[in-house]
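Have a look at the structure below, then the notes.
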Amino acid sequence: MKSIKDMLLRMREDLVREIARRSKVSTEGVMTDIGDILDSVTEERTRELDMILTDREKKKLGRIDDAIDRIEDGTYGLCDECSIKIPKGRLKVVPFAKYCVECQEKLEREEKYMREEPEEGIKKVPAGEVEE
Ligand SMILES: [Zn+2]
């Protein structure tokens, strides 16, 4: 499982780097090291993050962190919905996958009907899973 964890950590790093690059452009000088912010998530910092990250990025980051948590828990690789083992091939492509393909598709279909995807960065209310 270590290699998947490494992969997730690398994805997280890539995402953070991407955000850092963008935030340097938009808020130059303010965000000197977003990596530090993401590594030490205090409440204050979470608020800062809220302003920088788009919903999409928050979601992705949340998923990656979640997957890392599940590796620690030993529940990684099991579908959160139907508890079957998620095929290794899928995990290679989507290492932070939380559901098997069938459940994922079912959930996506349902979500699509439930609400339209908000414009990136405009809507601040999380989809309902990020809340601590
Ligand atoms: Zn499933």
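Reading the sequence shown from the start, the letters are residues -18 to 113 in the working numbering. Beta carbons: idealized from backbone N, C-alpha and C, even for Gly. It should be emphasised that the depicted structure is a prediction, and the values quoted were computed from it without experimental measurement.
Item, Value
"Which two residues bound the contiguous alpha helix (DSSP H) that contains Glu83?", "82 to 95"
"Determine contact between the stretch 62 to 71 and the stretch 35 to 50, defined as no fewer than three beta-carbon pairs at a distance below 8 Å.", "no"
"If we ignore side chains and look at the alpha-carbon of each, how far apart do Ala48 and Asp36 end up?", "18 Å"
"With DSSP as the reference, identify every bridge partner of Leu(-4), one or two as the case may be.", "DSSP lists no partner for Leu(-4)."
"Measuring straight from C-alpha to C-alpha, what distance separates Gly10 and Val74?", "Note that Gly10 scores 49 on pLDDT, short of 50, meaning its location in the model is unreliable; the coordinates nonetheless yield the value given after this. Rounded to the nearest angstrom, the two C-alpha atoms are 36 Å apart."
"Going straight from the alpha carbon of Asp50 to that of Leu(-11), what length do you get?", "11 Å"
"I need the straight-line Cα distance from Leu59 to Met(-8), nearest angstrom please.", "20 Å"
"Nearest to Lys114 by alpha carbon, out of Val(-3), Lys87, Tyr94?", "The structure shown has nothing for residue 114, since the chain only spans -18 to 113."
"Can you tell me whether Leu59 is helix, strand or coil according to DSSP?", "strand"
"For Lys79, count the other beta carbons within 10 Å of its own beta carbon; 16 or more makes it buried, fewer makes it exposed. Which is it?", "buried"
"Of all the options Asp(-13), Thr56, Glu91, Arg2, which has the alpha carbon lying nearest to the alpha carbon of Leu34?", "Arg2"
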